[in-house]
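Visitor: Sending over a structure as structure tokens; questions will come in a sec.
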């Protein structure tokens, strides 16, 4: 079914207005997160039935019946909402002190695209990362776009915002973590790690890459070897390859 060539614009500004999470998988994960403050669930009868059939924890959430056109008007025609949108408070952000004996974390150096951050959250969750660390500035606000790209991981993997990324990396090193930075121009290729040392995988924004101070603090700088004519990838794709290659040979 083709999308409307002139989709409606959202009624609210996702960068400043309420936080709406949409899509059945994303909404279900938020409903099941006891730490998440849920305000109103807007759902079509069919979507509500599907949520209930999968055992979603509706609890005391206010449910308002709606229809796809109204959701399109609210969220914008490009939002793949599947008939459900949940108004929430932003997820609680954690601090480094909340991490207890982490084995794997992902560190993002000023990534601002919510699609990429959401996709990396999903990948981090799939590989068992205990947290994703971002900078308080130059990182995206929680939006439905990010949550949809994360496919529920926003409510499963803690996000930690830090004011000074350099200080945060130094604290991770003090806790015995190997800090592995990725850059397409690094001299050393990434090799599978076979040891069990805890690891922090550090990724930079597309185009800019890692900042100089971040590079200096990494224990190792590595690149992904790509034999084809294209030598760079979208950062979320690079994150998936990096996490697989960095963890494939390790002991559980």
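Residue numbers (the working numbering): 163 to 414.
C-beta atoms are modelled at their ideal positions from N, C-alpha and C, and glycine is treated no differently.
Please determine, among 397, 405, 403 and 407, the residue with the shortest C-alpha to C-alpha distance to residue 277.
Guide: The option with the nearest alpha carbon to residue 277 is 397.
Visitor: For residue 207, does the three-state DSSP call read helix, strand or coil?
Guide: Helix at residue 207.
Visitor: Looking only at C-alpha atoms, which of 373, 325 and 309 sits nearest to residue 251?
Guide: Answer by Cα proximity: 309.
Visitor: Is DSSP giving residue 188 helix, strand or coil here?
Guide: Looking at residue 188 - three-state DSSP - the assignment turns out to be helix.
Visitor: What residues in its chain sit with their C-beta under 6 Å from that of residue 323, if we drop five residues either side in the sequence?
Guide: Excluding residues within five positions, the ones whose Cβ falls inside 6 Å are 255, 296 and 298.
Visitor: Going along the chain, which residues of its own chain have a beta-carbon closer than 8 Å to the beta-carbon of residue 221, five neighbours each way excluded?
Guide: Excluding positions up to five away in sequence, the list reads 193 and 200.
Visitor: Considering residue 384, what are the terminal residues of the beta strand (DSSP E) in which it resides?
Guide: It spans 382-385 - the beta strand (DSSP E) in which residue 384 sits, taken as one unbroken run.
Visitor: With DSSP as the reference, identify every bridge partner of residue 294, one or two as the case may be.
Guide: For residue 294, which the question treats as bridged, DSSP gives the partners 268 and 321.
Visitor: Starting from the Cα of residue 406, find the closest Cα among 268, 332 and 380 and give me that residue.
Guide: That would be 268, whose Cα lies nearest to the Cα of residue 406.
Visitor: So which of 249, 321, 217 and 234 has the shortest CA-CA distance to residue 224?
Guide: The shortest C-alpha separation from residue 224 is found at 249.
Visitor: Whole beta strand (DSSP E) runs in the region 323-410 with 3 or more residues, listed along the chain?
Guide: The qualifying runs are 340-344, 361-366 and 382-385.
Visitor: If you draw a straight line from the C-alpha of residue 283 to the C-alpha of residue 227, how long is it?
Guide: Roughly 30 Å between the two C-alpha positions.
Visitor: Is residue 226 helix, strand or coil by DSSP?
Guide: Three-state result, residue 226: strand.
Visitor: Need the endpoints of the alpha helix (DSSP H) that residue 279 sits in, please.
Guide: Counting along the chain, the alpha helix (DSSP H) containing residue 279 begins and ends at 276-288.
Visitor: For residue 124, name the three-state secondary structure that DSSP assigns.
Guide: The displayed coordinates of the chain run from 163 to 414. Any statement about residue 124 would go beyond what the structure contains.
Visitor: With DSSP collapsed to three states, give me the class of residue 231.
Guide: Correct three-state label for residue 231: helix.
Visitor: How about residue 306 and residue 183: do their beta carbons lie closer than 8 Å?
Guide: Yes, these two residues count as a Cβ contact at 8 Å.
Visitor: Quick one: residues in its chain with C-beta nearer than 7 Å to the C-beta of residue 198, no 5 flanking neighbours on either side, listed in chain order?
Guide: So the qualifying residues of the chain are 192, 250, 253 and 317.
Visitor: Is residue 320 near residue 260, with beta carbons less than 8 Å apart?
Guide: Result yes, Cβ atoms of residue 320 and residue 260 sit closer than 8 Å.
Visitor: Let me know the secondary structure DSSP gives residue 218 once reduced to three states.
Guide: Residue state, collapsed to three classes: coil.
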